[in-house]
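**Student:** Quick one: the structure is below, questions incoming.
Structure follows, in C-alpha cells:
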C-alpha cells in the first residue's frame, strides 16, 4: 500500500501523542469544578480493536479486481482496520459510536489512486457498477460528512486522495499555486515555504486535514482575517465527474453566470471528486508575531475586535476568549518555579479593581514588514486601551502558537475518563454576537438540567469580518455511558437551535454533513433547500457521490 498517513482509528492524531496534565497543577481542580469529574491520575479506559464487531466487506471479486487493475492491487484494500479508519470522522458522536462498536455500515473497500487519471477511472468503474463513492482526505471531519448511510445496500468505496499530495507548480508572477487535493496542511506549507511562499490557511485540523477537504467543507483558518477563508483562497479547481473533468480556471474574478466554483465549495463530495485546487499564495512575511491582551469582560473584548475590524489595521488573528475559556487556558498552564510573572500581573489587575474571574484573554496576530507590523500594533494598542484592555506581550502568543493544534487531544483524554466534549460554531453580524453568546449559554445550561448532569460551556470569538464574526463554543459533560449519544443530542440540538433563533448560521466552517442538516432549511430557507436539492439531483441522479450529506434522505 502507498505511504499515506492516517490518524488512529479510536481518536485524534497519531499513536504516541496524547494530552497529559503532568506539571499542570490547576487542571485537575478546574475539571472537577467544571463538570464534576475527579481526575485521579489513572490512564483512563479505551477499547481494543479486537473488541469490535465489524461488518464484512460486501464488494464482489470482479469489482475489486477492476479497481485493483486501475490503482494497483496493493491500493484497493479491504483490510478491516483501514475500513474502520475510513468509516467515520472525528466528532464526539463518531468516537462514541466506534468505542461502542456501533458500526452498521462501513466502506467495503478503500482505494488509493495515484493521480487524476486513476481517480477518473475509479469513478467510471464505480458509477458503472452503481457503487457509492465517498471522497476521503484526512478524516478530520466532525459533521458526519464521511459515514456511509446505515441502510446503503450498494458497494461503498472510500476514495482516499492521500497519494495526490504535491504542490504541482507556483505561478510566482501571479501568486497562485496548483496543489493536489490530497495534500495535508503541513506538507503543503513545507513545499511552499521551501520556495518562500505560504498559503496562510491554518484550521484547527491543519496537521491532519487536506486541501480537498477544506474546499469540500468551506473551511476557515486561524489566520483568515488576513488570508481569507478557503472560499477566498481557492481560485480555481479540478473535479472528476462521470462524464469528464470540471476545470475552473484561476481567474481573479468573473461574470459567467451562477458560480460553478461556489457550487463546488462546500459540496462535501456530492458533485464529484476534487483532485486539484489552484490557490492564492503569499510571500512568507518578514515578521510574524502574535501578542496577548487581556480585557476586563466579554463585552469590552467584542467591542475592541469590532473596532479593529473597522480600522486600518489588518491583523492575521483577532481572537478573544470569554471568562470561562480564559479560565480554562490559565488552568492548562505549566507549574512555574521561582519568579512567576502571571501572579505578579494578577496582583496588579486586582489592585486596579479587575474581577480576576472575569478576565478575557485575547490573541492578536500581525504579519508583514517590520514597519507595517509596528504600524498595525500601534493602532491595535490604542483600540485595546480605549476598551479597558491591557497588552501582555509576546509570551502568551508564543504559547498559543505552540499549542494551537493540540486541543483535540484533550477531547480524547476526557472521553477516556467518561466525559464528552465537543464544539459548535456559528457566525453572525456584530450586532447579534452578545445576544447569541448569552442565548447559547442559557440553552446549554437548560439542556444540562434536562439530562441531569452538570455541564460546561465556553466560547471565543475568531475570524472577524467587516460585518460580523465567528463565535466558537466548546461544551462538555460527564456522560452516562450507554446514554451518552442521547445526552449529547439534547445539548447539541439546544446549541444549534439557539444559533438559528438568534440570527446566526448553523456552521461557520465545519460544514453540514449529517450533523447539521436538520437545521439547514431554517438557515437558507425552504426555497434555498429546493435549489440545492435540484442541483444534487441533476448532477448525481443515481446518488453515487456521497449521498445523504448536506441534504439527507
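Numbering (the working numbering), first residue to last: 0 to 552. Backbone N, C-alpha and C fix where the C-beta goes; we use that ideal spot for every residue, glycine too.
Return yes when the Cβ of residue 139 is within less than 7 Å of the Cβ of residue 200, no when it is not.
**Tutor:** Cβ atoms of residue 200 and residue 139: not closer than 7 Å.
**Student:** Starting from residue 345, follow the alpha helix (DSSP H) in both directions and report where the run begins and ends.
**Tutor:** 340 to 350
**Student:** Could you name the residues of the same chain whose beta carbon sits closer than 8 Å to that of residue 431, not counting the 5 residues immediately before and after it, in chain order?
**Tutor:** So the list reads 467, 501, 502, 503, once near-sequence residues are dropped.
**Student:** Between the C-alpha atoms of residue 256 and residue 245, what's the straight-line distance to the nearest angstrom?
**Tutor:** 16 Å
**Student:** I need the DSSP call for residue 262, collapsed to helix, strand or coil.
**Tutor:** In this structure, residue 262 counts as helix in the three-state DSSP scheme.
**Student:** With DSSP run on the structure shown, which of helix, strand or coil describes residue 545?
**Tutor:** coil
**Student:** Give the DSSP-derived three-state secondary structure of residue 508 in the structure shown.
**Tutor:** If DSSP states are grouped into helix, strand and coil, residue 508 belongs with coil.
**Student:** Which parts of the stretch 106 to 153 are runs of the beta strand (DSSP E), unbroken and 3 residues or longer, counting only runs that do not cross its ends?
**Tutor:** Fully enclosed beta strand (DSSP E) runs of 3 or longer: 108 to 110, 131 to 135.
**Student:** For the 8 Å Cβ check, are there 3 or more pairs between the stretch 189 to 196 and the stretch 211 to 223?
**Tutor:** No, they do not touch.
**Student:** So what's residue 244 in DSSP terms, helix, strand or just coil?
**Tutor:** strand
**Student:** Give me whichever residues DSSP pairs with residue 183 in a beta bridge.
**Tutor:** 209
**Student:** Using three-state DSSP, classify residue 311 as helix, strand or coil.
**Tutor:** coil
**Student:** Please identify the residue among 116, 117, 156 whose C-alpha is closest to the C-alpha of residue 130.
**Tutor:** 156
**Student:** Kindly list the residues whose CB is nearer than 6 Å to the CB of residue 56, restricted to its own chain and excluding five residues on each side of it in sequence; keep chain order.
**Tutor:** 77, 107
**Student:** Sort out for me which residues DSSP pairs residue 429 with in a bridge.
**Tutor:** DSSP lists no partner for residue 429.
**Student:** Let me know the secondary structure DSSP gives residue 192 once reduced to three states.
**Tutor:** helix
**Student:** Would you please state the rounded distance, in angstroms, between the beta carbons of residue 440 and residue 456? I believe it to be under 8 Å.
**Tutor:** 6 Å
**Student:** If residue 137 sits next to residue 453, beta carbons under 8 Å apart, how far is it from one beta carbon to the other, in whole angstroms?
**Tutor:** Not confirmed; about 34 Å, so no contact.
**Student:** Which residues in the same chain as residue 268 place their Cβ atom closer than 8 Å to its Cβ, once the five residues preceding and following it in sequence are excluded?
**Tutor:** 132, 133, 134, 144, 215, 544, 545, 548
**Student:** Quick check: the stretch 318 to 335 against the stretch 19 to 30, are there 3 or more CB pairs under 8 Å?
**Tutor:** yes
**Student:** From the DSSP output, in three-state form, read off residue 406 for me.
**Tutor:** helix
**Student:** Let me know the secondary structure DSSP gives residue 362 once reduced to three states.
**Tutor:** The answer is strand: DSSP assigns residue 362 an E or B state.
**Student:** Are the Cβ atoms of residue 419 and residue 487 separated by less than 7 Å?
**Tutor:** yes
**Student:** Report the option in 69, 433, 126 whose CA atom is closest to the CA atom of residue 600.
**Tutor:** Past the boundaries of the shown model lies residue 600; the chain is included only from 0 to 552, so the question cannot be answered.
**Student:** Counting only the same chain and skipping the five closest in sequence on each side, list residues whose C-beta sits under 7 Å from that of residue 477.
**Tutor:** 34, 35, 36, 417, 418, 452
**Student:** Among 401, 67, 148, which residue has its Cα nearest to the Cα of residue 105?
**Tutor:** 148
**Student:** Report yes if the C-beta distance between residue 161 and residue 3 is below 7 Å; otherwise report no.
**Tutor:** yes
**Student:** Suppose the cutoff is 6 Å on Cβ atoms and the five residues either side in sequence are ignored; what does the same chain contact list for residue 367 look like?
**Tutor:** 284
**Student:** Quick one: residues in its chain with C-beta nearer than 6 Å to the C-beta of residue 325, no 5 flanking neighbours on either side, listed in chain order?
**Tutor:** Once the five neighbours on either side are set aside, the close Cβ partners of residue 325 are 358, 359, 360.
**Student:** At which residues does the beta strand (DSSP E) containing residue 289 begin and terminate?
**Tutor:** 286 to 294
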